[in-house]
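Take a look at the structure below.
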Amino acid sequence: MSKFWSPAVKNLVPYVPGEQPKMANLVKLNTNENPYGPSPKVIEAIQAELNDSLRLYPDPEGESLRQTIAGYHNIKPEQVFLGNGSDEVLAHIFYALFQHGQPILFPDVTYSFYPVYCGLYNIEGKTVPLTDSFEINPEDYRQPNGGIIFPNPNAPTGCYLGLEHVETILQTNPERVVVVDEAYIDFGGETAITLVDKYPNLLVCQTLSKARSLAGLRVGFAIGNPDLIEALNRVKNSFNSYPLDRLALAGAKAAYEDHDWFRKSCEGVISERERMTRSLEGLNFEVLPSKANFVFARHKEKSGESLSRGLREQGIIVRHFNKPRISEFLRITIGTPEQNDALISGLQSCA
Ligand SMILES: *Cc1c(COP(=O)(O)O)cnc(C)c1O
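For the sequence shown, UniProt numbering assigns the number 1 to the initial residue and increments by one for each residue that follows.
Pasting the structure below:
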């Protein structure tokens, strides 16, 4: 605290990212990074951009990348908004579309950045409890609100909500924007992007950090009706006209052009997720059904806290949230087969 701080800063409660320890040889399964790495074509594309053109500003609209993403999803480039990671896109969404003097709704167990953005922009948030089986019930979103946001699949639970239920939420809230945060959609879910032409109140957010293994490049985007995209552009161009640098624009485009790498990497994660689920069940864990690149699991006897500590002593890092309803769970990122074996044997020695 300092007398130089703006009043707003004194009350800010920032997001706490999963740790990025500096130690070597850790089995790092705590931040949902993709173990298979980016396509070699991404590295080539970035290397090809490493030249004198770096003295020039990048394209502020990211036209070429927006065309690639629009082509991939069969929509128009003016329906795509780019940002420096989807976290930045989400921040602009909160500012541009959620300030209607009524509380915005999100699940009680969800991505912990949502309440942080509420605090930053002074937006009231109202949590809607997940069901006892940690699922979203669309009927619970039939209430007055200033907007709705949820991840699908949800984080940190991994639970997926079928598109027919997403449609129910859209139909019961035609006067409000419904944001579907699809950070993990490529690991087995069906994207709501196919619904954006049908629902002018739908905005879908995606990232290249998870399925495309580019967390370090910082690229995310939103797709929706051009009117919603225009609102986001107004905020972006009042904040930072160049959120994506030349390397990120080139690398992201190449990532979308390498379908084979993408498909194999998602398939690898999915098959390891199924194997991990069976192994955990064999060790007396309850595992929530996951369509993400992580599983959320609780041991039937041992506490989440002690297991997380026991793993850490063996150099294995998972995420443990000391929060209501989920303090007994571990969120375990799906790693390489070797990392997953290490996790299972690590649990055998402490569970
Ligand atoms: C990882 C994640 C993001 C953020 O992704 P970035 O593009 O890396 O900022 C957004 N939403 C959810 C639910 C996530 O898990």
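For each residue, glycine too, the CB sits at the ideal point set by N, CA and C.
Residue i (DSSP reduced to helix, strand or coil)
| i | result |
| --- | --- |
| Val235 | helix |
| Glu286 | strand |
| Val128 | strand |
| Pro200 | coil |
| Gln99 | coil |
| Ala297 | strand |
| Phe106 | strand |
| Phe134 | coil |
| Thr157 | coil |
| Val42 | helix |
| Arg142 | coil |
| Lys253 | helix |
| Phe81 | strand |
| Lys3 | coil |
| Leu163 | helix |
| Ile223 | strand |
| Leu330 | strand |
Own chain residues within Cβ distance below 6 Å of residue i, not counting five before or after
| i | result |
| --- | --- |
| Val116 | Tyr15 |
| Thr68 | Lys253, Tyr256 |
| Thr127 | Asp108 |
| Val42 | Gly251, Ala254, Ala255 |
| Gly18 | Asn30, Thr31, Arg319 |
| Arg142 | Thr172 |
| Trp261 | Ser39 |
| Glu49 | Arg246, Leu247, Ala250 |
For residue i, the nearest candidate out of the options (CA to CA)
| i | options | result |
| --- | --- | --- |
| residue 353 | Asn34, Lys41, Ser2 | Because the chain in this structure spans residues 1 to 351, residue 353 falls outside the shown range and cannot be described. |
| Asn340 | Val196, Gly282, Arg275, Phe321 | Arg275 |
| Gln314 | Cys350, Phe321, Phe296 | Cys350 |
| Val13 | Gly119, Asp87, Leu228, Glu19 | Gly119 |
| Glu301 | Leu283, Ala292, Ile316 | Leu283 |
| Ala250 | Ile185, Ile148, Leu214 | Leu214 |
| His137 | Tyr121, Phe294, Glu167, Gly125 | Before going on, a small fix: residue 137 reads as Asn here, not His. For the residues Tyr121, Phe294, Glu167, Gly125, the minimum Cα distance to Asn137 belongs to Glu167. |
| Ala292 | Asp181, Pro7, Pro174 | Asp181 |
| Pro77 | Leu288, Ala45, Arg66 | Arg66 |
| Pro107 | His100, Asp132, His92, Tyr95 | Asp132 |
| Ile223 | Asn233, Lys198, Leu29, Ile193 | Ile193 |
| Arg312 | Leu50, Pro21, Asn11, Glu286 | Pro21 |
| Leu346 | Ser6, Ser279, Val204 | It is Gly, not Leu, that sits at residue 346 in the sequence shown. Among Ser6, Ser279, Val204, the Cα nearest to that of Gly346 is on Ser279. |
| Gly189 | Gln143, Gly37, Glu164 | Glu164 |
| Tyr199 | Ser86, Thr172, Lys10, Thr110 | Thr172 |
| Cys159 | Pro289, Ala96, Tyr95, Gln47 | Pro289 |
| Pro40 | His259, Ile344, Phe329 | His259 |
| Gly304 | Val318, Arg319, Glu328, Ala297 | Glu328 |
| Lys323 | Gly62, Thr110, Leu105 | Thr110 |
| Gln47 | Ala248, Gly216, Ile229 | Ala248 |
| Gly101 | Glu230, Asn225, Tyr121 | Tyr121 |
| Val204 | Val9, Gln79, Phe4 | Gln79 |
| Val177 | Ala96, Ile185, Thr191, Pro129 | Ala96 |
Presumed contact (8 Å Cβ cut-off) between residue i and residue j, rounded CB distance
| i | j | result |
| --- | --- | --- |
| Ile123 | Phe98 | 5 Å |
| Phe239 | Val89 | At roughly 12 Å, the Cβ-Cβ gap does not stay under 8 Å, so Phe239 and Val89 are not in contact. |
| Arg246 | Ser53 | 7 Å |
| Asn145 | Pro103 | 6 Å |
| Val295 | Ile326 | Actually they are not in contact, since the Cβ atoms of Val295 and Ile326 sit about 13 Å apart, beyond 8 Å. |
| Cys266 | Phe187 | 6 Å |
| Ser86 | Ala183 | 6 Å |
| Tyr242 | Pro58 | 6 Å |
| Ile169 | Ile148 | 6 Å |
Cutoff 8 Å: residue i Cβ touching any chain B Cβ
| i | result |
| --- | --- |
| Asn25 | Within the model displayed, chain B is absent; a lone protein chain is all it includes. |
Residues near residue i by beta carbon distance below 7 Å, same chain, minus five either side
| i | result |
| --- | --- |
| Glu272 | Ile334, Pro337, Asn340 |
| His92 | Gly83, Leu232, Val235, Lys236 |
| Ala342 | Val27, Ile316 |
heavy atom of ligand 2 below 7 Å from residue i C-beta
| i | result |
| --- | --- |
| Tyr121 | What this structure holds is ligand 1, not ligand 2. |
**OP:** Would you list the residues whose beta-carbon is nearer than 5 Å to any heavy atom of ligand 1, in the order they occur in the chain?
**Re:** Those residues placing their Cβ nearer than 5 Å to any heavy atom of ligand 1 are, following chain order, Gly85, Ser86, Asp87, Tyr111, Pro151, Ala155, Asp181, Ala183, Thr207, Ser209, Gly220.
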